[in-house]
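Take a look at the structure below.
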Amino acid sequence: METKRGLTGVEKASYGLGAFAKDVVYMMTAAYILYYFQDVMGVSAWAMGVILLGARVFDAFNDPIMGIIVGKTKTRWGKFRPWLLIGTILNAVILYVMFSCPPKLDGPGLVCYAAVTYILWGITYTMMDIPFWSMIPAFTKGGSERENLTTLARSCSGVGAAVVQVLALKIVHFVGEALGGPGDVERVGFQYLALFVGILFVVFTAITCINIKENSTADMETVSVGQMFSSLRHNDQAMAIVVTIVLVDIAMYITSNLVIYFFKYDLGGTGWFDDYTIFNLVAGASQVLAMMGLYPLLRQILKISNIKIFYTGLFMSVIGYVALLILSAAGVKTLAVFLIPGVLIMAASGINNILITVFLANTCDYGELKNNRRDESVIFSMQTFVVKLASGIAAFVASATLAVLNLSDKATTAAEQKIDFAAAVDASRKMGLRMTMTLVPIVVLVIVFFWFKKKYILTDEKVLELSKEVEALHAKEKKQS
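Pasting the structure below:
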């Protein structure tokens, strides 16, 4: 095994570009796949719910297998970069195909198209996501270097996600109105947006692969799927973080799936689309600023522990959801007021996105010392799976909510965006939407607090201790080899 050197500025920037691009792709799918197939193409809410959840069940088998394949890979370019590039290219192609649904498809054919393309998108995304995050322990030292790179990567991811949330529909309508027919604005717009995003994805990931080198060449012993889950079960800290990721992401994705419907069918007004865009702009900016500014302030200047910062993020989220429910139930329609809970929720999400990745990376050192195994790919394959599992569960909840409340309206022209859709929605359905968006995430985040407090033991001091022990172990192995 080679000694890990310090990271260069080029390596950091290249990894950040890769993180930016991958989350542009992920957020485009996570935030708009339900809207695209339901409101634009006409797939029923129940069918979409089953598709999105069913794809995650499939991932329960696919993602761990991909982690094992990455672990077995040995090439002169390393074990991570080949799959990172292959997965990116394939995912970019599938992304374009998924958002290029033939307009004449309907009925079972349309449902089948949505199901097949979405499952293929999930498979190919796994191919690149597992090696991308697995690279962190392989080319960074523990402690501050790993935290700093994770902060950078998550900040860039946040920027990518925010860009999609803020600009996606604006670009869709601009391009769709220029290139599509009167009833084809959103369908055509999404198709060209997917093409542009796919190209960006491939170019930025190629830059990452060219400039990032794997300094750690330690072999990862590969195991069967059953042994892998057994290994994960014995790494109690990895299991604690995996469960935490599932719950935190379920809360967040329920919100991200339903927020466009909240503006469309609850706050309403003929300017709902512009309000939605402004809300995403401010909330997305707060997420990025929290990752790039607030977290470093709390961590590096105020010297607050990562665990305490995580609890602070949970508290901010809960306060934001409570405020959102109270304001909407009180009949408030002023956009500026809703920006306050939006900022709280998204800033907290930004901070906690950094922390759960740091926590998960730290469990690699813990697991190596406890189980005599270093399973970056295994552990981070679980992150990929649980993030998609959470998005699938959240999408099913959102789909079921829309179906039960009968909130769906195919809106594909610029003129239709000026309609006040909320005027036709009664108070009980609006309240159902609000409660799903707020109370469900609140309950989930409270569970997260008690689970994490009971299970996670890797304090900052413990992490530094583990890092030193791992370095000593590797030095000893090098002498013996």
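Position one of the sequence shown corresponds to residue 30 (this note's numbering), numbered consecutively onward.
Heads up, the beta-carbon is just placed ideally off N, CA and C, and yes, glycines get one too.
Keep in mind that this is a model prediction, so the values were computed, not measured.
Same chain only: Cβ atoms within 6 angstroms of Val252, ignoring 5 sequence neighbours per side:
Against the sequence shown, residue 252 aligns to sequence position 223. At Val252 the pLDDT is 48, less than 50, meaning the model places this residue with poor confidence and gives no usable figure here.
Would you report the Cα separation of Ile148 and Val54, rounded to the nearest angstrom?
Translated into positions along the sequence shown, residue 148 becomes position 119. Translated into positions along the sequence shown, residue 54 becomes position 25. Those two C-alpha atoms are separated by around 15 angstroms.
Close Cβ partners of Arg216 (< 8 angstroms) along its chain, the five nearest in sequence each way excluded
Taking the first residue of the sequence shown as 1, we reach residue 216 at position 187. Cβ within range, chain order: Val69, Met70, Cys130, Pro132, Gly205, Gly209, Thr441.
Skipping 5 residues on each side, what residues in its chain have a beta carbon closer than 7 angstroms to that of Glu250?
On the sequence shown, residue 250 is found 221 positions in, with the first residue counted as 1. Per-residue confidence for Glu250 stands at a pLDDT of 49, beneath the threshold of 50, marking its modelled position as unreliable; the derived number appears in the next sentence. So the qualifying residues of the chain are Arg402.
Could you check whether the stretch 446 to 460 touches the stretch 286 to 294, counting it as contact only if at least three pairs of C-beta atoms, one from each stretch, sit closer than 8 angstroms?
yes
Nearest-angstrom Cα distance between Leu353 and Ile289?
In the sequence shown, residue 353 corresponds to position 324, counting from 1. In the sequence shown, residue 289 corresponds to position 260, counting from 1. Spanning the two alpha carbons is a distance of roughly 14 angstroms.
Tell me whether Thr37 sits in a helix, a strand or coil according to DSSP, three-state version.
Position 8 of the sequence shown, counted from the start, is the residue given in the question as residue 37. It is coil, neither helix nor strand.
Ignore the nearest five residues each way along the sequence and tell me which others in Ala424's own chain have a CB closer than 6 angstroms to its CB.
For the purposes of this step, residue 424 is identified with residue 395 of the sequence shown, where counting begins at 1. Taken in chain order, the residues that qualify are Leu63, Leu81, Asn286.
Report the residue ranges of all alpha helix (DSSP H) runs contained in full by the stretch 103 to 160; include only those spanning at least 4 residues, in chain order.
110 to 127
C-alpha distance - Val472 paired with Ile115, whole-angstrom precision
Here residue 472 refers to the residue found at position 443 when the sequence shown is read from its first residue. Here residue 115 refers to the residue found at position 86 when the sequence shown is read from its first residue. Between Val472 and Ile115, the C-alpha separation is close to 40 angstroms.
What number of angstroms, rounded off, separates the C-alpha of Phe109 from the C-alpha of Ala456?
As a position in the sequence shown, residue 109 is number 80, starting the count at 1. As a position in the sequence shown, residue 456 is number 427, starting the count at 1. Cα to Cα, the separation comes out at about 52 angstroms.
Cα-Cα, which of Tyr395, Trp75, Ala429 is closest to Glu500?
Taking the first residue of the sequence shown as 1, we reach residue 500 at position 471. Selected option, being the one with the closest Cα: Tyr395.
Taking all protein chains shown into account, decide if Lys51 is buried (16 or more other Cβ within 10 angstroms of its Cβ) or exposed.
One-based indexing of the sequence shown puts residue 51 at position 22. Buried, because 16 or more other Cβ atoms sit within 10 Å of the Cβ of Lys51.
State buried or exposed for Met48, treating a residue as buried only when at least 16 other CB atoms are found within 10 Å of its CB.
Position 19 of the sequence shown holds residue 48. The sequence given here places Ala at residue 48; Met does not occur at that position. With 16 or more other Cβ atoms within 10 Å, it is buried.
Range covered by the alpha helix (DSSP H) that runs through Met268
The count along the sequence shown starts at 1 and reaches residue 268 at position 239. Start and end: 265 to 291.
Please state the DSSP three-state secondary structure of Met70.
By one-based count along the sequence shown, residue 70 stands at place 41. Of the three classes helix, strand and coil, the one that applies to Met70 here is coil, per DSSP.
CB Ser21 to CB Ile236, shorter than 8 angstroms?
Nothing about residue 21 can be reported from this structure: the residues present for the chain run from 30 to 510 only.
Ordered along the chain, which non-local residues of its own chain (more than five positions away) have a Cβ less than 7 angstroms from that of Met95?
As a position in the sequence shown, residue 95 is number 66, starting the count at 1. Only Thr155, Met156, Ile159, Ser410 meet the Cβ criterion.
Given a threshold of 16 other Cβ atoms within 10 Å of its Cβ, counted over all protein chains shown, does Asp135 qualify as buried or as exposed?
Here residue 135 refers to the residue found at position 106 when the sequence shown is read from its first residue. Exposed is the call here.
Thinking C-beta only, is Thr179 closer than 8 angstroms to Ala390?
For the purposes of this step, residue 390 is taken as residue 361 along the sequence shown, with counting starting at 1. For the purposes of this step, residue 179 is taken as residue 150 along the sequence shown, with counting starting at 1. Yes, these two residues count as a Cβ contact at 8 angstroms.
If the criterion is Cβ atoms closer than 8 angstroms, does the pair Asn240 and Ile152 meet it?
Numbered from 1 along the sequence shown, position 211 holds the residue referred to as residue 240. Numbered from 1 along the sequence shown, position 123 holds the residue referred to as residue 152. Going by C-beta atoms, Asn240 is not nearer than 8 angstroms to Ile152.
In three-state terms, what does DSSP make of Ile307?
The sequence position of residue 307 within the sequence shown is 278, counting from 1. If DSSP states are grouped into helix, strand and coil, Ile307 belongs with the helices.
Would you mind reading off the limits of the alpha helix (DSSP H) that contains Arg175?
Residue 175 sits at position 146 when you count from the first residue of the sequence shown. That run of the alpha helix (DSSP H) goes 173 to 208.
Looking only at C-alpha atoms, which of Trp75, Leu113, Phe230 sits nearest to Val122?
On the sequence shown, position 93 is the one that residue 122 refers to. Checking every option, the nearest Cα to that of Val122 belongs to Phe230.
Distance, Cα to Cα, Lys417 vs Glu498?
As a first step, residue 417 is located in the sequence shown; it is residue number 388 there, counting from the start. As a first step, residue 498 is located in the sequence shown; it is residue number 469 there, counting from the start. Straight-line Cα distance between these residues: approximately 33 angstroms.
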